[in-house]
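J.: To start, I am sharing the structure in question, which I have written as structure tokens.
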Amino acid sequence: MNKKAWEGVFRMPEPGRSAKPRSNGLTMLLDKGLGPRATEDLMATAADYVDFLKFSFGTSAFYDEEVLREKVEIVTGAGVDIYPGGTFLEVTVCQGCYPDYLRRAKELGFTAIEVSDGTMEMTDESRGDCIKRALDAGFKVLTEVGKKSPDEKIAVAEMHRLIAYDLELGAIQVIIEAREAGKGVGVFDKSGAVNESEVDQIVAGVADLDKLMWEAPIKNQQQYLILRFGNNVNLGNVPTTDTLALEALRQGLRGDTLKRALERGM
Amino acid sequence: MNKKAWEGVFRMPEPGRSAKPRSNGLTMLLDKGLGPRATEDLMATAADYVDFLKFSFGTSAFYDEEVLREKVEIVTGAGVDIYPGGTFLEVTVCQGCYPDYLRRAKELGFTAIEVSDGTMEMTDESRGDCIKRALDAGFKVLTEVGKKSPDEKIAVAEMHRLIAYDLELGAIQVIIEAREAGKGVGVFDKSGAVNESEVDQIVAGVADLDKLMWEAPIKNQQQYLILRFGNNVNLGNVPTTDTLALEALRQGLRGDTLKRALERGM
Amino acid sequence: MNKKAWEGVFRMPEPGRSAKPRSNGLTMLLDKGLGPRATEDLMATAADYVDFLKFSFGTSAFYDEEVLREKVEIVTGAGVDIYPGGTFLEVTVCQGCYPDYLRRAKELGFTAIEVSDGTMEMTDESRGDCIKRALDAGFKVLTEVGKKSPDEKIAVAEMHRLIAYDLELGAIQVIIEAREAGKGVGVFDKSGAVNESEVDQIVAGVADLDKLMWEAPIKNQQQYLILRFGNNVNLGNVPTTDTLALEALRQGLRGDTLKRALERGM
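Residue numbers (the numbering used here), protein chains in the order written: chain E, 1 to 266; chain G, 1 to 266; chain B, 1 to 266.
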């Protein structure tokens, strides 16, 4: 890390925040279409606090090749992993062009791949094949469990089985689906509030919580997860505009977590 | 269109998307004050998917002349039409300076004009005069029907009459008002949900649906209109940050429309 | 002010807007992490309409020193005051390093300081000491009254006492707390609606309303305050993306305030 602006002046109220390269306390941002200059801005202000940048849905398909390459280079050059969203992978799997997808992703400079089945059905065999091929091609692999539709719900036992399966195959993180909106999906209700008993059920069957990444686009969700699991909980689908606000929440520089630090006698 | 990043790797799940210059499938963005660099970013990432950029309300009045000219040039240079919002036109009509407004808009490089009466009352004669003068001055003319206030509602028969009137005079698109927020106005209820019967009533009296543009700032509204009218429905007041997300929705690269494509056997 | 794009073409529907340097009609923006290019964009489009830029929470702590310095220079070079948020000050007061904080803030180029006790408890003596030291160091001082937690509420009499106390000591503005979200805090209810009787009670005990700045992040709040107190009411915690939209609201170039101007016979 470069010298921070206030270095030496004060102590972070919530200490123990992991530094890069980190294996927990990961932050994955959801990129809805930042241009090259905005991407440079993001990296200049926040690269130390961002581990993964994910293109939302299939948005990477709409970029001119040269613009995408420029963007990917800005991100990877700042030490941040970058990948096309899981929805895009699902399309290529359905169309039988997953190997082409991996080859092209490599050419374009992507460093990670997300394997998900949020919209489609996928057999264990197909899922495992996706993970293995991506690993073989040199990508970091994140997988996702959970369905995008509020009408489909995956049983918690099945979720536990998939998490273990993916990690066994070499996924570095398993993501709990919450979409971009974080409402009415996964562990969040229609208003975005956390369903604590669903969180309880999920964590009850996971050996290593550092391998779970929670999609948590909304502040109250991030706050709940940080207060419950500590400031090094892995969080995903964070809006790019909230990167520093989330870091303030993690490190006790925002009212909600500062309050606890004060009560503890910071 | 330049070469896209994933060209040749996969097929769009929802085919048939119109290409520029297009006469349907138009997207109009609502610009709340992008600076020159952000405007360049937007054009670099999304110019192929944007047809009109509208300055929200009267915001163009607050720009320094040179900054506005720079912005207008970036946009028009990328093949996108640009215009000051309808509210601004209403002010100039009220103040009797509409001809000056058109002359100045031309000097500043604007390429389109929106004629609306969302806040004020306007006679047919005045409305027609606005349209004709703008056309004579070489602008593309979009008009708008509907009131901004939830207390004033325009009868559907009157709406049909105005739509026919405007198109007859040469408007290229008639916009259905929904404001920036998309809530409690036009065909959207207080929560932003679509009032389907109001949509039914409007379309029942319009001969060519390709001439209607729906202001639809919120995703569920865009999704409804795309699923109902196809991926080449005309949509307006789209937030600039959602440009690629909307395109993903149109072309089936987002869960909500991908699901339908999958069911169809993409 | 430089020459505006539409100068000479029309009159602002709501006249009398104060110009910089202004002592009322102040706008304070909440900056959640703009990078250098976005900061330049903001200053290029809106410097005439922005008086203060506040770093949200403790986010300034996460910047590399050189990036922060660049950002501060862009802002102050455009004639806008800039300061770290009040939460950050509370941390340094708690840790006993407030003098170091002021010294470093000066070195980094900040021009203002906010003294608040939104999260912690602060005695009058400590509050007064903070204000005086910041003034002595050459900063403009804004103070804040109100608590961040919905469970703690400050009595209106105490609020009046603090406002008088802070102004007496030399604060140029006293801010009424509403956080970033503007919901369930201060004069706003859970949905963000204005509690008018609470506004009544506050203003009843304040001699000079030009010394009050209302945190009002949401449009309906800004609109209420402008319609009630005039277009030169002081507003804070405005999202950077809404700067020009707010100015349109102040000057009658947006439906909501234009309507009133029309009724008056603009």
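Quick reminder that beta carbons are idealized off the backbone N, C-alpha and C, glycines included. None of these values were measured; they are calculated from a predicted model.
1. Shorter than 8 Å from the beta carbon of G/R260 to some beta carbon of chain E?
2. Using a Cβ-Cβ cutoff of less than 8 Å, which residues in the same chain neighbour G/M120 once the five nearest sequence positions on both sides are dropped?
3. Measuring alpha carbon to alpha carbon, tell me which residue in B/P13, B/K3, B/V9 is nearest B/T257.
4. I'd like the span of the alpha helix (DSSP H) that includes E/E66, first residue to last.
5. Could you run through the region 61-81 of chain B and flag, in chain order, every residue whose CB is less than 7 Å away from some CB of chain E?
6. Counting contacts by CB-CB distance shorter than 8 Å, is G/C130 in contact with chain B?
7. Using beta carbons (cut-off 8 Å, strictly below), is B/T59 in contact with chain G?
8. Within the 8 Å Cβ cut-off, does B/V91 reach chain E?
9. Need the endpoints of the alpha helix (DSSP H) that E/D100 sits in, please.
10. Have a look at the DSSP bridge pairing and note the partners of B/K54.
11. Where do the N-terminal and C-terminal ends of the beta strand (DSSP E) with E/K140 fall, by residue?
12. Enumerated in chain order, which unbroken segments of the alpha helix (DSSP H) with a length of 4 residues or greater are wholly contained in the region 190-237 of chain G?
13. Could you tell me whether the region 234-253 of chain G touches the region 47-60 of chain E, where touching means 3 or more Cβ pairs closer than 8 Å?
14. How about B/E125 and B/G86: do their beta carbons lie closer than 8 Å?
15. What residues are listed by DSSP as bridge partners for E/V187?
16. Considering only residues of the same chain and omitting the five flanking positions on each side of G/T243, which have a CB-CB separation below 8 Å?
17. Counting only beta-carbon atoms, is B/V50 nearer than 8 Å to chain G?
18. Have a look at E/T241 and B/K32 and give me their C-alpha separation to the nearest angstrom.
19. For B/K140, count the other beta carbons within 10 Å of its own beta carbon; 16 or more makes it buried, fewer makes it exposed. Which is it?
20. If you measure between the beta carbons of B/F88 and E/L262, is that distance less than 8 Å?
21. Can you tell which of B/Q201, B/G230, B/P36 has the C-alpha that lies nearest to the C-alpha of B/V72?
22. Check the Cβ of B/R37 against every Cβ in chain G and list those closer than 7 Å, keeping chain order.
23. Within 10 Å of its beta-carbon, does G/D81 have 16 or more other beta-carbons around it, so buried, or fewer, so exposed?
24. My understanding is that G/A171 touches G/I131, with C-beta atoms under 8 Å, so please give their C-beta distance in whole angstroms.
25. In its own chain, which residues sit with a C-beta less than 8 Å from the C-beta of B/K20, not counting the 5 before and 5 after it?
26. So which residues of chain E does G/M266 contact, with C-beta pairs closer than 9 Å?
27. Considering only residues of the same chain and omitting the five flanking positions on each side of G/V145, which have a CB-CB separation below 7 Å?
28. Please confirm if B/V9 has its CB atom under 8 Å from at least one CB of chain G.
29. Looking only at C-alpha atoms, which of G/S23, G/R179, G/F10 sits nearest to G/N232?
30. So with CB distances below 7 Å, who are the chain G contacts of E/F88?
31. Tell me the DSSP bridge mates of G/V115?
32. For E/K3, which option in B/R69, B/N220, B/E180 has the closest C-alpha, if you only look at C-alpha atoms?
33. What is the DSSP secondary structure of G/K4, reduced to helix, strand or coil?
34. Name the chain G residues whose beta carbon is nearer than 8 Å to that of B/E14?
T.: Working from what's here:
1. no
2. Non-local C-beta neighbours of G/M120 in its own chain, meaning closer than 8 Å and more than five positions away in sequence, comprise E90, V93, C94, ordered along the chain.
3. B/P13
4. Taken as a continuous stretch (DSSP letters only), the alpha helix (DSSP H) holding E/E66 covers 65-77.
5. A61, F62, Y63, D64, E65, V67, L68
6. no
7. So no, B/T59 is outside the interface.
8. yes
9. 98-108
10. B/L30, B/Y83
11. 140-145
12. 196-204, 219-229
13. yes
14. no
15. In the DSSP output, where bridge partners are listed per residue, E/V187 has none listed.
16. Hits under 8 Å: T27, L29, L42, T45, A46, Y49, V50.
17. It does not: the Cβ of B/V50 has no partner Cβ on chain G nearer than 8 Å.
18. 7 Å
19. buried
20. no
21. B/P36
22. R37
23. So G/D81 ends up on the buried side.
24. 6 Å
25. M1, D48, D51, G79
26. V91, C94, Q95
27. I154, M159, L162, I163, V174, I176, E177
28. yes
29. G/S23
30. L253
31. G/T143
32. B/R69
33. strand
34. What B/E14 touches in chain G: nothing, since even the nearest Cβ is about 11 Å away.
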